[in-house]
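Student: Quick note on the working numbering: the sequence shown kicks off at 2 and runs consecutively.
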Amino acid sequence: MSAFIQQLPALIGVVIGALGSYLAIVRSDGARFRRETAARWEERRLTVYGEYARALKKSVNLTYRVASHLGNDPHPHPLSPQEAEPLLAAATDGRDPAGEALIMLGSRDVVERARVWVTAVMDMERFMREGTRDPAAWQALLERQRAGREGYYTAVREDLALPPGHPARWPTLPVADA
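1) Say whether the stretch 129-142 touches the stretch 66-83, bearing in mind that this needs 3 or more beta-carbon pairs closer than 8 Å, one atom from each stretch.
2) From phenylalanine 5 to glycine 14, what distance separates their C-alpha atoms?
3) Quick check: what's the CA-CA separation for proline 10 versus glycine 21?
4) For the stretch 146-161 against the stretch 110-117, are there 3 or more C-beta pairs whose distance is under 8 Å?
5) Does alanine 40 come out as helix, strand or coil in the three-state DSSP assignment?
6) Near valine 53, which residues of its chain fall below 7 Å by C-beta distance, leaving aside the five closest residues on each side in sequence?
7) Could you tell me the distance, in whole angstroms, from the CA atom of proline 164 to the CA atom of arginine 158?
8) Rounded to whole angstroms, what is the Cα-Cα separation between alanine 56 and glycine 95?
9) Reducing DSSP to helix, strand and coil, say where threonine 133 ends up.
10) With a threshold of 8 Å on Cβ separation, who are the neighbours of glutamate 131 within its own chain once the five nearest residues in sequence on each side are excluded?
11) Measuring straight from C-alpha to C-alpha, what distance separates threonine 1 and glycine 149?
Given below as structure tokens:
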């Protein structure tokens, strides 16, 4: 019995060491799991944010082309409203699922900024569908759309902890007076 008592401190040390190692491994694995999970969700959000932007830009580009046909925009590839209508319908159909994914996975600020941007785009679509010929009003709509897009991208970058990006405000050519 005295041999057991003499070895008891060493045995207690081994048990404490094993328990400490176990706890360190469990804690490390938990932290790694949380980091990997956060990275996966961040990748998914980035994908959803990009898909929404691409879907919305399809509508924007079509409105540029129709506005060019109406004499409001200098886009080099005009498109009549009749030719654009099925393309706009397809773009809207593609935009809706992307918007639902955005609502599901996006931060509140990103979703709010997306709403501001899409509202401006819908106003551009309405302007185009009405056949309005007013380059100054069109330019005001373009500025709203560009500000909405810039706000959306800023919110996305903040949500994903990305550095500030380019505002994408390139100068455009004025519409030539007819």
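Heads up, the beta-carbon is just placed ideally off N, CA and C, and yes, glycines get one too.
Tutor: On the basis of the supplied data:
1) Touching, per the Cβ criterion.
2) 14 Å
3) 16 Å
4) yes
5) helix
6) Going by the sequence as given, residue 53 is tyrosine instead of valine. Taken in chain order, the residues that qualify are Ala99, Gly100, Leu103 and Ala115.
7) 7 Å
8) In a straight line, the C-alpha of alanine 56 is about 6 Å away from that of glycine 95.
9) coil
10) none
11) With the chain covering 2 to 179 only, the question about residue 1 has no answer from this structure.
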